[in-house]
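In my numbering, the protein residues as written are 65 to 682.
Glycine residues also receive a C-beta, built at the ideal position from the N, C-alpha and C atoms.
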């Protein structure tokens, strides 16, 4: 085989891998910039009454309580374990028990040790509240499906659902259910939560739920209720509803007017905000590819942006469908229901990856004895296709493999299909590699044959170079005539490689970011998303010994041995350079996921087999 062609082929592969790595850094998908659509100023009114001349402001809140009495409340579900504190009803921990963190324990989504900055806190903007944050301790109660009070309310609600019209708007439906659902002594806060759940408007991406469907879901859910009498006029109930079958849970902020006067929450500005801060905890030890990104969907337009590049506050219109954060494998999204005024993503500044997401809610007026409620769905968990699709349209865009996203998702779908039958992702990668090699067989065959033809012309090429070495232009002209005479394309060995690059880059992205490979075992490999570390040498330095990259080096050395080398000083210099190629490849794959290295190793071995038969047939 022509040594120059071999050099070109290997250089093309090396450059392709370097381009592939650089691509992920410099050509990541750009966020979609959403136009700021004009907003209509609106006031949410739950009961139609003439506007009074004066609206009584809410009385000043009492001084902060002694906060030492705060306690934690844990809600355990199959897919998540959530811990709340009664101080502000905030979320202090959200663990995924089905996934292990590389740092020990379950995967944790809530950043820890952040000086009391916890997600799902409320911030009050109107001076009428008399406070800026929930700096008070809530009364708290956790209701499980077998609880008599919850079960009784659900049974009553089920009967009410058969008597009211399903086509009513949320506030009118709540009004009718309020009269239908009997008062329950000692469970009034829970009763108002049940009313809020039954009459909540659907979030943007969720399927439309019938009242009966909501009732049935509530019948097997856990309901965590925080309540606090903020003033003599206003009671705040903050509730979380957990469905055991879902990777999501719902939050309801319910404000009740306990006075005999009309109250106003917000006047020309947001009444209050629901906040997620200060980011998303990393579960990986190698944080290079575990970057924190802000993600969002405005109507049907998806966008994402690295938080470290978020230098100023970003505002999103009320048409926002959902907004959230993601890392390499896990994400969280906040999906508001009706009542959203705007959403804001704000860098906190202390560190590059600390951020606050704020949902500002529209002003609200409350009739005496009435309630106002806002609904928020929190979608959390691993970036699995089935999980994302269960959340609704648009969520599957959170999985994004860059420029070759379509190819990447097709290859990942094929990998999952193979795993369904072999029940091992290592074997699935091998089968996928075989399919890819079979699909690319004609291109590879053409490449090998072209190189073989170039090898046959090598003596004449060498003769032309020697004869016209002082006249490069004449040498090139004679060589092109030689190629035309023998119908040989000098680029025939490289072009097939160029056609394969989109597939290789897409597969690289898919295997590197596939959460399915995280923790997957194969032979001696304990985690296909990490290098296949056998052991670590501690003397003289800490050096992990990874077997797969060493096998890649061995396979490439065999490939070089199978390739005949041309003689001559120039070829000897090139040969010396090419001897380092296996080491370069071994270095490139030493820190890559072992699943990707398995693919490259198997593909190289299959290439050796194909090359052997091409040479044998010549």
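**Request:** Can you grab the Cα-Cα spacing for the pair residue 144 / residue 178, in whole Å?
**Result:** Within the chain shown, residue 144 is the residue found at index 80, counting from 1. Within the chain shown, residue 178 is the residue found at index 114, counting from 1. Residue 178 has its alpha-carbon roughly 21 Å from the corresponding atom of residue 144.
**Message:** Quick check on DSSP: helix, strand or coil for residue 256?
**Reply:** On the chain shown, residue 256 is found 192 positions in, with the first residue counted as 1. It is helical.
**Request:** Grab the span of the beta strand (DSSP E) containing residue 147 for me, first residue to last.
**Result:** Taking the first residue of the chain shown as 1, we reach residue 147 at position 83. Note, residue 147: beta strand (DSSP E), 145-149.
**Request:** Measure the CB-CB distance between residue 303 and residue 282 and report whether it falls below 8 Å.
**Result:** To locate residue 303, count along the chain shown from 1; it is residue 239. To locate residue 282, count along the chain shown from 1; it is residue 218. No, the Cβ-Cβ distance between residue 303 and residue 282 is not below 8 Å.
**Close Cβ partners of residue 135 (< 6 Å) along its chain, the five nearest in sequence each way excluded** = If you number the chain shown from 1, residue 135 lands on position 71. Leaving aside the five residues that flank residue 135 on each side, the residues in its chain whose CB is nearer than 6 Å to its CB run, in chain order, 150.
**Request:** Could you tell me how far apart the beta carbons of residue 449 and residue 417 are, in whole angstroms, since I believe they sit closer than 8 Å?
**Result:** As a position in the chain shown, residue 449 is number 385, starting the count at 1. As a position in the chain shown, residue 417 is number 353, starting the count at 1. About 26 Å; that fails the 8 Å criterion.
**Prompt:** So what's residue 624 in DSSP terms, helix, strand or just coil?
**Reply:** Translated into the one-based positions of the chain shown, residue 624 becomes position 560. Reduced to three states, the DSSP call for residue 624 is helix.
**Asked** Going along the chain, which residues of its own chain have a beta-carbon closer than 7 Å to the beta-carbon of residue 349, five neighbours each way excluded?
**Response** Here residue 349 corresponds to residue number 285 of the chain shown, with the count starting at 1. For residue 349, where only same-chain residues beyond five positions count, the Cβ hits under 7 Å are 166, 167.
**Message:** Which same chain residues end up closer than 7 Å to residue 504 when comparing Cβ atoms and leaving out the 5 residues on each side of it in sequence?
**Reply:** Indexing the chain shown from 1 puts residue 504 at position 440. Hits under 7 Å: 564.
**Asked** Below 8 Å between beta carbons: does that hold for residue 184 and residue 171?
**Response** Looking up residue 184 in the chain shown gives position 120. Looking up residue 171 in the chain shown gives position 107. Not a contact, by the Cβ cut-off of 8 Å.
**Prompt:** Based on the DSSP output, what are the partners of residue 238 in its beta bridges?
**Reply:** Within the chain shown, the letter at position 174 stands for residue 238. Answer is none; residue 238 lacks a bridge partner.
**Prompt:** What do you get for residue 260, buried or exposed, if any count of 16 or more other CB atoms within 10 angstroms of its CB means buried?
**Reply:** By one-based count along the chain shown, residue 260 stands at place 196. Buried: at least 16 other Cβ atoms inside 10 Å.
**8 Å contact criterion, which residue 663 and residue 497 should meet: CB distance rounded** = Position 599 of the chain shown holds residue 663. Position 433 of the chain shown holds residue 497. Confirmed, about 5 Å.
**Item:** For residue 391, the three-state DSSP class (helix, strand or coil)
**Value:** As a position in the chain shown, residue 391 is number 327, starting the count at 1. Note: residue 391 maps to coil in three-state DSSP.
**Prompt:** For residue 340, does the three-state DSSP call read helix, strand or coil?
**Reply:** Here the question's residue 340 lines up with position 276 in the chain shown. The answer is strand: DSSP assigns residue 340 an E or B state.
**Item:** Which listed residue (222, 436, 487, 148) has its alpha carbon closest to that of residue 236
**Value:** Looking up residue 236 in the chain shown gives position 172. The closest CA to that of residue 236, considering only 222, 436, 487, 148, is found on 436.
**Prompt:** Can you name, in chain order, every residue of its own chain whose Cβ lies under 8 Å from the Cβ of residue 228, other than the five neighbours on each side?
**Reply:** In the chain shown, the residue the question calls residue 228 occupies position 164. So the qualifying residues of the chain are 237, 240, 241, 244, 275.
**Message:** I'd like the list of long-range same chain contacts for residue 284, defined as Cβ closer than 6 Å, with 5 residues on each side in sequence excluded.
**Reply:** The sequence position of residue 284 within the chain shown is 220, counting from 1. Take residue 284, set aside five residues on each side of it, and the residues of its chain with a beta-carbon closer than 6 Å to its own are 209, in chain order.
**Asked** How about residue 510 and residue 528: are their beta carbons less than 8 Å apart?
**Response** Within the chain shown, the letter at position 446 stands for residue 510. Within the chain shown, the letter at position 464 stands for residue 528. Their beta carbons are not under 8 Å apart, which means residue 510 does not touch residue 528 by this criterion.
**Item:** Rounded separation between residue 465 and residue 378 - CA only
**Value:** Translated into the one-based positions of the chain shown, residue 465 becomes position 401. Translated into the one-based positions of the chain shown, residue 378 becomes position 314. The straight-line gap from Cα to Cα measures roughly 24 Å.
**Message:** Check for me: the alpha helix (DSSP H) holding residue 543 runs from which residue to which?
**Reply:** Position 479 of the chain shown holds residue 543. In the DSSP assignment, residue 543 falls within the alpha helix (DSSP H) that extends over 536-549.
**Asked** Nearest to residue 399 by CA position, among 346, 351, 455, 390, is which residue?
**Response** Residue numbering aside, residue 399 sits at position 335 when the chain shown is read from its first letter. Distances from the CA of residue 399 to each of 346, 351, 455, 390 were compared; the closest alpha carbon is that of 455.
**Message:** Distance check for residue 315 and residue 152, CA to CA, integer angstroms please.
**Reply:** As a first step, residue 152 is located in the chain shown; it is residue number 88 there, counting from the start. As a first step, residue 315 is located in the chain shown; it is residue number 251 there, counting from the start. Here the alpha carbons of residue 315 and residue 152 stand approximately 14 Å from one another.
**Prompt:** Should the region 352-369 be called in touch with the region 424-444, which here means at least 3 C-beta pairs below 8 Å?
**Reply:** The region 352-369 makes no contact with the region 424-444, as fewer than three CB pairs between them are under 8 Å.
**Message:** Quick test of your reading: residue 646 and residue 617, contact by CB under 8 Å. State the CB separation rounded to the nearest angstrom.
**Reply:** One-based indexing of the chain shown puts residue 646 at position 582. One-based indexing of the chain shown puts residue 617 at position 553. A Cβ-Cβ distance of about 4 Å is found for the pair residue 646 and residue 617, placing them in contact under the 8 Å criterion.
**Runs of alpha helix (DSSP H) wholly within the region 271-347 (minimum 4 residues, chain order)** = Inside the region 271-347, DSSP marks whole alpha helix (DSSP H) runs of 4 or more residues at positions 275-283, from first to last along the chain.
**Request:** Compare the beta carbon distance of residue 492 and residue 479 with 8 Å and say whether it is the shorter of the two.
**Result:** Within the chain shown, numbered from 1, the residue matching residue 492 stands at position 428. Within the chain shown, numbered from 1, the residue matching residue 479 stands at position 415. Taking 8 Å as the Cβ cut-off, residue 492 and residue 479 qualify as a contacting pair.
**Prompt:** Quick one, which of 279, 665, 133 has its alpha-carbon nearest residue 199's?
**Reply:** Sequence index remark: in the chain shown, residue 199 carries index 135 (1-based). Of the candidates 279, 665, 133, the residue whose Cα lies closest to the Cα of residue 199 is 133.
**Request:** Report the rounded CA-to-CA distance for residue 394 versus residue 344, giving the unit in angstroms.
**Result:** Here the question's residue 394 lines up with position 330 in the chain shown. Here the question's residue 344 lines up with position 280 in the chain shown. Our two residues, residue 394 and residue 344, have alpha carbons roughly 9 Å apart in a direct line.
**Request:** Could you check the C-alpha separation between residue 32 and residue 401 for me, to the nearest Å?
**Result:** For residue 32 there is no data in the structure shown, the boundaries of the chain being 65 and 682.
**Item:** Buried or exposed by the 16-neighbour rule on C-beta atoms within 10 Å, applied to residue 317
**Value:** Taking the chain shown and counting its residues from 1, one reaches residue 317 at position 253. Residue 317 comes out buried.
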